[in-house]
Amino acid sequence: MGRDPAAPSLRLRAIQMHHHWRHRLPWALGAVGAAALVAGVVVLFTTEHDPRSAFLLTLGVVLLIVAALGKRIQLAGFEFLGAKVQVREVVKRRLEFVESADRGSAADETLRGQAIVLQRLVGLYGLYEHIRRTQPPGPERTKDLDDLGERMQAVGLEAEFDPAEVIGWLREGTDALRVIALNLMFANPAYRDFVSVLEIIDAPHSLFEQYYGLRLARRMLPELDPLQRRLLRKEISRAREKRKLRRDAPLMSMSRQILDLLDK
2 MGRDPAAPSL
12 RLRAIQMHHH
22 WRHRLPWALG
32 AVGAAALVAG
42 VVVLFTTEHD
52 PRSAFLLTLG
62 VVLLIVAALG
72 KRIQLAGFEF
82 LGAKVQVREV
92 VKRRLEFVES
102 ADRGSAADET
112 LRGQAIVLQR
122 LVGLYGLYEH
132 IRRTQPPGPE
142 RTKDLDDLGE
152 RMQAVGLEAE
162 FDPAEVIGWL
172 REGTDALRVI
182 ALNLMFANPA
192 YRDFVSVLEI
202 IDAPHSLFEQ
212 YYGLRLARRM
222 LPELDPLQRR
232 LLRKEISRAR
242 EKRKLRRDAP
252 LMSMSRQILD
262 LLDK
């Protein structure tokens, strides 16, 4: 069966629409929040202790705060629709499946291997957090974190995971799962997802995560088609305009290298 040539274009069009609305969403939330706040004030002064006024005032304040802080507010932190996935829960589910599977079966061994690898990756993430917390920013800390990332990538090759699950960790997981997913994507091309890379560059949880997102983008360059390369160029150029990235020399250097490679 022939491959539908329109499928990639439709998916990339969806990516463009997602990013378009992502930047407009704070303005929309601000407008709705302001309207709710005004309505709450009107209800407050035109009625006697109407509970609607308290609801509208609270809603308006919350929406205005979300609009003002934008991407700095992580909805996962509020466990929005259960999207915040805990690493220990992922491991626990696998161990529970192991208990319910037939001893010695292929499923039993696969799940047990995944649980063991995840537990080792969580231990390495604890070391990652320790280094970030105790060492000052600089070349030495970057080198230690790079070495640790290579260890995580080596461990990640010891088990196979569903690519959709790894992508889900990166998009909806905690910081620990995001770091684990990034390193798994480095280790295994089957896990890589172009949309996730764009989102990391656009809205990282930390500058180090953004740095690794750029490194992953650089590694994926040979796999990208012309439209994906244009989208990546636009995302990196937009990221370079932000003050935090401009003040980070390694990020500026890595982003410049990728733009130079895209020019070729």
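Just add 1 to the spot in the sequence shown (first one is 1) and you have this note's numbering. The C-beta atom is built at its ideal place from N, Cα and C for all residues, glycine as well. Fair warning: this is a prediction, and the values are worked out from it, not measured in the lab.
Put Gly214 into one of helix, strand or coil per three-state DSSP.
-> DSSP places Gly214 in helix when its eight states are reduced to three.
Tell me where the alpha helix (DSSP H) around Gly150 begins and ends.
-> Run containing Gly150: Pro140 to Gly157, per the alpha helix (DSSP H) assignment.
Does DSSP put Ser254 in a helix, in a strand, or in coil?
-> The answer is helix: DSSP assigns Ser254 an H, G or I state.
Which first and last residues belong to the alpha helix (DSSP H) in which Asp203 is found?
-> Phe195 to Asp203 is the span of the alpha helix (DSSP H), which, as asked, contains Asp203.
Minimum C-alpha distance to Glu161 - residue among Leu125, Pro223 and Gly114 | Comparing Cα-Cα distances from Glu161 to each of Leu125, Pro223 and Gly114, the minimum goes to Gly114.
Is the stretch 184 to 198 touching the stretch 148 to 157 in the sense that three or more CB pairs, one from each, lie closer than 8 Å?
-> Output reads yes: the stretch 184 to 198 touches the stretch 148 to 157.
Measure the C-alpha to C-alpha separation of Lys243 and Thr143 and round it to an integer number of angstroms.
-> In this structure, the alpha-carbon of Lys243 lies about 21 Å from that of Thr143.
Residue from Asn189, Val198, Pro164 and Ser207 with nearest C-alpha to Asp176 = The candidate whose alpha carbon is nearest that of Asp176 is Ser207.
Range of the contiguous alpha helix (DSSP H) that encloses Glu236 = Element bounds for Glu236: Pro227 to Arg241.
Counting only the same chain and skipping the five closest in sequence on each side, list residues whose C-beta sits under 8 Å from that of Ile168.
-> Excluding residues within five positions, the ones whose Cβ falls inside 8 Å are Ala182, Tyr192, Asp194 and Ser197.
Apart from the five residues on each side of it in sequence, which residues of its chain come closer than 8 Å, Cβ to Cβ, to Arg230?
-> Counting only residues of its own chain and dropping the five nearest sequence neighbours on each side, Arg230 has a CB closer than 8 Å to the CB of Leu222 and Leu263.
Leaving out the 5 sequence neighbours to the left and right, which residues in its chain are closer than 7 Å to Asp249 when beta-carbon positions are compared?
-> Scanning its chain for C-beta atoms nearer than 7 Å, with the 5 sequence neighbours on each side dropped, one finds around Asp249 the residues Leu208, in chain order.
Leaving aside the five residues before and after Arg133 along the sequence, list all residues of the same chain whose C-beta is less than 6 Å from its C-beta, in chain order.
-> Nothing listed; no residue qualifies.
Reduced DSSP category for Pro137 - H, G, I as helix; E, B as strand; rest coil | Pro137 falls in the coil class under three-state DSSP.
Arg247 in three-state terms, based on DSSP | Helix, per DSSP.
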